[in-house]
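> First residue of the sequence shown: 1, per this note's numbering; consecutive thereafter.
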Amino acid sequence: MDWHILWSTFIIATFKFLFSGIPGAKLGVPFWEIVLSSGLGALCSAAFFFFLSEQVIRYFEKRRNKTNIVISRKRFKTNRVIIRIKQSFGILGITFFAPLFLSVPIGSIICAKFYGDNKSTFPLMAMWIGINSIVITLIWYGIFG
Numbered sequence: 001m002d003w004h005i006l007w008s009t010f011i012i013a014t015f016k017f018l019f020s021g022i023p024g025a026k027l028g029v030p031f032w033e034i035v036l037s038s039g040l041g042a043l044c045s046a047a048f049f050f051f052l053s054e055q056v057i058r059y060f061e062k063r064r065n066k067t068n069i070v071i072s073r074k075r076f077k078t079n080r081v082i083i084r085i086k087q088s089f090g091i092l093g094i095t096f097f098a099p100l101f102l103s104v105p106i107g108s109i110i111c112a113k114f115y116g117d118n119k120s121t122f123p124l125m126a127m128w129i130g131i132n133s134i135v136i137t138l139i140w141y142g143i144f145g
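1) Tell whether a beta-carbon distance below 8 Å holds between A112 and E54.
2) Which full runs of the beta strand (DSSP E) of 3+ residues lie inside the stretch 1-45, going along the chain?
3) Tell me whether V135 is buried or exposed, calling it buried when 16 or more other Cβ atoms sit within 10 Å of its Cβ.
4) Does the count of Cβ pairs from the stretch 85-103 and the stretch 118-128 closer than 8 Å reach three?
5) To the nearest angstrom, report how far apart A47 and S133 are at their CA atoms.
6) Are three or more beta carbon pairs between the stretch 75-91 and the stretch 25-40 nearer than 8 Å?
7) My guess is that F49 and I109 are in contact by the Cβ rule of under 8 Å, so how many angstroms apart are they, rounded?
8) Kindly examine the ligand PLP and report whether one of its heavy atoms sits closer than 7 Å to the Cβ of C111.
9) Compare the C-alpha of I143 against each of P23, W7 and T14 and name the closest.
10) Would you call the CB atoms of I129 and A25 closer than 8 Å?
What follows is the structure, encoded as C-alpha cells:
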C-alpha cells in the first residue's frame with residue numbers, strides 16, 4: 001500500500017475530484033484503493049462545505065448588501081448556466097454535475113444554496129460521489145493503465 005499516493009489522491013479529491021485518480025492510475029496502485037481514497041476525499045470535503053455553507057452564504061450576502069458589488073458579465077453567464085441546469089435536471093442534476101465539473105467545495109455550496117432544505121440533498125451527493133469515483137477511476141485506469 002502506497003500511503004503517499006493514496007494521501008495525494010485524497011487531497012486532490014478534496015478540491016478537484018475529476019482529476020484525483022490520475023496519480024494512482026499512472027503509478028499502478030490497485031483500483032479499489034484509489035476509488036476509496038478519492039471517494040473519501042471528495043466526501044469529506046463535500047460534508048465540510050455543505051454543512052458550513054449556510055454561514056458562508058450569509059457572510060457573502062451580508063458583504064454584498066453592504067458594498068453594493070456590481071455583478072460582472074462573466075459571473076452572470078455562469079449563474080445563468082447553473083440556473084438552467086437546476087431547472088432542467090433538478091436536484092439530481094445539481095448533486096451530480098456541481099461537485100464533479102466545478103469543484104467539490106463550490107459544488108457543495110451550490111447544492112446547499114439551492115436544495116439545502118431538502119433532507120435528501122447530502123445523501124444524493126454522497127451517492128453520486130461514490131458512483132463518480134468508480135467511473136472516473138475506471139476512465140483514468142483505461143487511459144493510463
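All C-beta atoms, glycine included, are put in the ideal place defined by N, C-alpha and C.
Checking against the coordinates, here is how it stands:
1) For A112 and E54, yes; Cβs fall inside 8 Å.
2) With a minimum length of 3 residues, no continuous beta strand (DSSP E) run stays inside the stretch 1-45.
3) It is exposed - the Cβ of V135 has fewer than 16 other Cβ atoms within 10 Å.
4) They touch, by the three-pair rule.
5) Going from the Cα of A47 to the Cα of S133 covers about 16 Å.
6) These segments do not touch.
7) Indeed, because the Cβ distance is near 6 Å, the residues count as touching under 8 Å.
8) Ligands displayed in this structure: none; no statement on the ligand PLP is therefore possible.
9) That would be P23, whose Cα lies nearest to the Cα of I143.
10) No. Outside cutoff.
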